[in-house]
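Using this note's numbering, the first residue of the sequence shown is number 38, and each one after it goes up by one. Built from N, CA and C at the ideal position, the CB exists for glycine as well.
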Amino acid sequence: SIAKNLKYKDMGKKFLTLKQFMLRQDVLKLYRDVYRMTRSIADQRQKNEIRSWAASEIRTHRNHQDEVTIRGLIIHGQRMLKDLEKSLKVTT
């Protein structure tokens with residue numbers, strides 16, 4: 038039956054709520070924004086360090102389930118991105 042096939046096909050997969058999906062998209066956008074921002078950094082070591090730091094932060098917090106906590110982390114990341122943008126404008 039279709040229900041039986043769906044049950045086995047989806048077994049072990051975790052489905053996100055709409056809110057969780059939207060938060061995930063925000064996290065991915067933040068990471069892409071950090072990556073894009075670092076393109077203008079001439080020093081390859083510094084560029085890689087910032088990118089590695091951003092990826093590490095996301096990995097560190099990847100298992101959070103509380104949507105309020107995740108939203109807070111995204112806001113914190115966005116603030117840090119703005120600070121990075123300001124410091125890059127000052128140095129150029």
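Near the ligand GTP: residue i beta-carbon under 7 Å from a heavy atom
i    : result
R116 : Absence of the ligand GTP is noted for the structure shown, with no ligands found whatsoever.
Through-space distance from residue j to residue i, alpha-carbon basis
i    : j    : result
Q62  : E86  : 24 Å
D70  : L118 : 8 Å
G114 : S89  : 14 Å
R82  : D120 : 19 Å
Close beta carbons around residue i, own chain, < 8 Å, minus the five adjacent residues each side
i   : result
S38 : In this prediction, S38 scores a pLDDT of 48, lower than 50, which makes its location untrustworthy; no coordinate-derived value is stated.
Residues near residue i in its chain [Cβ-Cβ closer than 6 Å; skip 5 each side]
i   : result
K84 : T75, I78
Residue closest to residue i, alpha-carbon to alpha-carbon, out of the options
i   : options              : result
Y68 : A92, L60, E104, D120 : A92
V64 : Q81, T128, H101      : H101
Under 8 Å between C-beta atoms of residue i and residue j
i    : j   : result
E122 : L60 : no
Same chain only: Cβ atoms within 7 Å of residue i, ignoring 5 sequence neighbours per side
i   : result
I95 : V64, Y68
Whole alpha helix (DSSP H) elements within the segment 46-123, 4-residue minimum = If we require 4 residues or more, the alpha helix (DSSP H) runs fully inside the segment 46-123 come out as 55-75, 81-97.
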